[in-house]
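Residue numbers (this note's numbering): 73 to 345.
Even glycine gets a Cβ: it sits at the ideal position worked out from N, Cα and C.
Spelled out as structure tokens, the structure:
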């Protein structure tokens with residue numbers, strides 16, 4: 073008996089060990105990567121829902137970007153800068169902030185854009201006898217000269233005049249995008265009733281400044297208070313291959329509660345496979 077001989081692993085045993093260990097490692101890496109990809113996708117879905125919710129938060133809690141005595145507006149609802157602070161006090165202008173206009177187009181389907189909608193109404197049109205003749209929210213909203221405000225304006229911040237942007241423009245995380253672009257959403261508060269109205273369209277307003285009023289008013293129709301479904305598509309580089317999630321903006325939406333997640337069956341029914 074050779075007492076000095078120590079038995080080791082054969083080549084076959086070592087090869088099997090390495091193969092099994094490598095396979096387990098690959099499975100773990102793939103599983104971990106899948107979890108990361110799924111989390112990224114769900115984060116992008118939640119982010120998009122949050123953006124839709126914030127439309128209504130902004131209309132319910134209007135934020136006036138414009139500093140007191142620094143901006144005025146004309147009869148076309150164009151905002152004009154008055155650096156000498158000769159503009160009327162806040163609340164005394166002939167223009168008011170009515171809500172928001174949101175859109176996503178086919179050329180940049182992952183980019184969410186939001187702008188402020190301003191309305192001009194002459195003093196004679198704000199008389200009580202005129203206002204009482206308005207019977208519907210559509211009549212009320214169409215009685216304004218409408219404009220979409222985009223760009224930067226001056227604001228006094230802590231005693232220093234600074235440029236403040238009124239535009240909200242951002243890409244969805246991880247390259248995700250809704251599958252129904254182009255679309256636009258117009259959310260306005262009717263001055264007479266205080267009701268919030270939502271109108272949707274598959275068209276995008278032309279921002280050349282001459283047709284904005286007419287195009288926005290063309291959206292303000294009862295039949296455009298319809299539901300809008302969004303299937304959130306993952307980008308190719310996200311690595312997500314699981315079931316897709318859809319969101320719905322309910323018809324006659326008047327608040328963030330109208331934006332809902334759809335279950336798997338509902339998502340499939342709106343083409344979210």
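Given residue i as reference, the closest of the options once Cα atoms are compared
| i | options | result |
| --- | --- | --- |
| residue 320 | 333, 329, 289 | 333 |
| residue 184 | 241, 206, 286, 122 | 241 |
| residue 220 | 268, 178, 149, 264 | 149 |
| residue 288 | 340, 174, 121, 331 | 174 |
| residue 324 | 118, 144, 268 | 268 |
| residue 318 | 335, 329, 312 | 335 |
| residue 254 | 274, 247, 260, 246 | 274 |
| residue 326 | 270, 314, 147, 305 | 270 |
| residue 322 | 83, 129, 125 | 125 |
| residue 266 | 294, 122, 134 | 134 |
| residue 313 | 286, 208, 108 | 108 |
| residue 212 | 169, 239, 261, 167 | 261 |
| residue 123 | 337, 331, 338, 339 | 331 |
| residue 349 | 339, 338, 120 | Nothing in the structure corresponds to residue 349, since the chain is present only between 73 and 345. |
| residue 208 | 263, 146, 186, 92 | 263 |
| residue 111 | 145, 170, 315, 144 | 315 |
| residue 239 | 144, 186, 84, 145 | 186 |
Those residues which DSSP pairs with residue i across a bridge
| i | result |
| --- | --- |
| residue 279 | Residue 279 pairs with nothing; no bridge assigned. |
| residue 110 | None; residue 110 has no bridge partner. |
| residue 318 | 303 |
| residue 241 | 185 |
| residue 255 | 176 |
| residue 338 | Answer by DSSP bridge pairing: none, since residue 338 is not bridged. |
| residue 219 | 190 |
| residue 332 | 320 |
| residue 167 | 192 |
| residue 82 | DSSP lists no partner for residue 82. |
| residue 273 | 256 |
| residue 249 | 305 |
Integer Cβ distance of residue i from residue j, believed to fall under 8 Å
| i | j | result |
| --- | --- | --- |
| residue 188 | residue 172 | 6 Å |
| residue 191 | residue 217 | 7 Å |
| residue 257 | residue 127 | 7 Å |
| residue 181 | residue 114 | Actually they do not touch by this definition, with Cβ atoms about 19 Å apart. |
| residue 284 | residue 131 | Not really, about 19 Å apart at Cβ, beyond 8 Å. |
| residue 328 | residue 247 | That belief does not hold up - the Cβ atoms of residue 328 and residue 247 are roughly 25 Å apart, past 8 Å. |
| residue 304 | residue 210 | With a Cβ gap of about 31 Å, residue 304 and residue 210 do not count as contacting. |
Test item: CB-CB of residue i and residue j under 8 Å
| i | j | result |
| --- | --- | --- |
| residue 300 | residue 116 | no |
| residue 272 | residue 298 | yes |
| residue 341 | residue 302 | no |
| residue 193 | residue 215 | yes |
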